[in-house]
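Let me begin by presenting the structure, written as structure tokens, before commenting on it.
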Amino acid sequence: MGRAKEFMLEQEERGFYSVGDKFLCSRCIGEEDLGRYVRDQGERGECTYCGNKRLRIIHFDMLMEFLVDCISEEYGEPNNVGVAWDKGWCGDVMDSYDLLGELSIPIENMDLQDDIISSLNVQQWCKRDFYNLSPSEAYLHGWKSFVHLVKHKSRYSFYRAEDEREFNSFDEIPPKYFMDSLSNVVDSLNLYKNIKVGEKVLRVRVHDKKTKLNSANDIGSPPVEFAVYPNRMSPSGISMFYGAFDRRTAIAETFEGPNQTKVASVGTFEVTRELVVIDFSKLPPYEGLLSGCERDYRHQLSFVYDFLSDFTAPVRKDGLEHIDYVPTQVVSEHFRFIHKTKEGKKVDGIIYPSSKLYKRNAIVLFCDDKECVEHDAKDGLLRLISLKRINPNKYI
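Numbering follows full-length UniProt numbering, with no gaps: position 265 of the sequence shown is 265.
In structure tokens:
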């Protein structure tokens, strides 16, 4: 075999063809992730496409190798993916020009765009998950199916429930297995936070002006006989500590004002032992296809963003909230009693974005009234250090 033939085969194997000894800068590529790659990997030099000598540049082939690796995470050649052929491809297949359009890569320099398309040659592309759900779609479909099941079909034995459909795609997550999948996602993304001894959490109770709250028993988690209303993370009869890290958020999560006939008592508690909580409030930044991020991580993160919008969605107090809260109640119970961290530790609670205030966080701790104690107590999980009576209308 001649050297020219070997060179052609090498280029076909790597997924792109060389267009010569050319260099490009981040300004010409335009796309944020690709531009970051150029800046991180490049060196100062002259851009072949715009002539700029002040920016970092990389060799065209180096960019193409990275670009093809990223694209191949989600797209492949139809024959390799297994797309059927019957006088033409049986499904959505595109050429390289249309692929760049679908990916919305804002290439600023037209000569560079032409070279990229030429480098990709006449290759055709289709989605890797052509006949199946993508991983993030599988997670989201599993969550939606789980929500429907526990709200309208089987609430207390869903983990034993058989799927009523005759056929499931192999990539679908049956509702009875969804909690395990969610635990795996939390572990993979490391969505944990340690709350150290002495850190403060606030809890608010709104009440009539004539009522006076004086103790940890008054302001802490309610005794089970008074836990009569369903909440986002707990059904009626189960006591938990709902709080926040600042006064305004704690009030917003509790007070439906304005109401001049009500006052609020704010209890500040300090933590007496280090807590491990699942933290949905500080997700890693979303990573796009061209970020170079691992596929599983990217899809799990994409799902968690969608999941969290459901998990923290405002619920109307229209008499049906006991139904709407069921999925999040099941999730919190799973995290409380079943889920463990990679180190085998149990989880003490969940931090989640407030449904009332943008960029503020609420917290639920899996503890009842017996764990909320006075400032001089020796036991307990949460020690009351201050209790103040305020006008909640000033905080809305």
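A virtual CB, placed ideally from N, CA and C, is assigned to each residue, including glycine. Values in this document were obtained by computation on a predicted structure and should not be read as measured data.
I57 is the residue among D114, I57, Y37 and D369 whose C-alpha sits nearest the C-alpha of R44. The beta carbon of G288 sits closer than 7 Å to those of D33, all from its chain and outside the five residues before and after it, given in chain order.
Taking L189 as the centre and dropping the five residues before and after it, the same chain places the C-beta of L283, P284, Y297, Q300, L301 and V304 closer than 8 Å to its C-beta, in chain order. As a beta-bridge residue in DSSP terms, C25 pairs with I57. Within the same chain, I117 come within 6 Å of Y97 by CB-CB distance, once the 5 residues on both sides are set aside. If you draw a 10 Å sphere on the C-beta of H339, you find 16 or more other C-beta atoms in it, and that means buried.
Classified as buried, T249 has 16 or more neighbouring CB atoms from the shown chains inside 10 Å of its CB. Separation of V331 and V19 (C-alpha to C-alpha, rounded to the nearest whole angstrom) is 53 Å. Cβ contact annotation for A84 (same chain, cutoff 7 Å, sequence separation greater than five): C90, in chain order. When beta bridges are read from the DSSP output, N194 appears opposite V276.
Non-local C-beta neighbours of P135 in its own chain, meaning closer than 6 Å and more than five positions away in sequence, comprise H299, ordered along the chain. Residue environment: S239 is assigned as buried (16 or more neighbouring CB atoms within 10 Å of its CB, all protein chains considered). Looking at V197, C70 and E225, the one whose alpha-carbon comes closest to that of R273 is V197.
As summarised for the stretch 47-133, the continuous alpha helix (DSSP H) elements at least 4 residues long and confined to that stretch are 60-71, 78-81, 96-103 and 110-120, given in chain order. Runs of the beta strand (DSSP E) lying entirely within the stretch 337-361, each at least 3 residues long, are 349-353 in chain order.
In this structure, the beta-carbon distance from Y49 to N121 does not fall below 8 Å.
In this structure, V276 places its C-beta atom within 8 Å of the C-beta atom of V347.
About 6 Å separates the beta carbon of I363 from that of V201, a gap short enough to meet the 8 Å contact definition.
With fewer than 16 other Cβ atoms from the protein chains shown falling within 10 Å of its own Cβ, L320 counts as exposed.
Here the alpha carbons of K210 and N259 stand approximately 15 Å from one another.
Nearest C-alpha to I385 among D379, K394, E374 and F337: E374.
Taking F178 as reference, the option from E73, W143, Y358 and V204 with the minimal CA-CA separation is W143.
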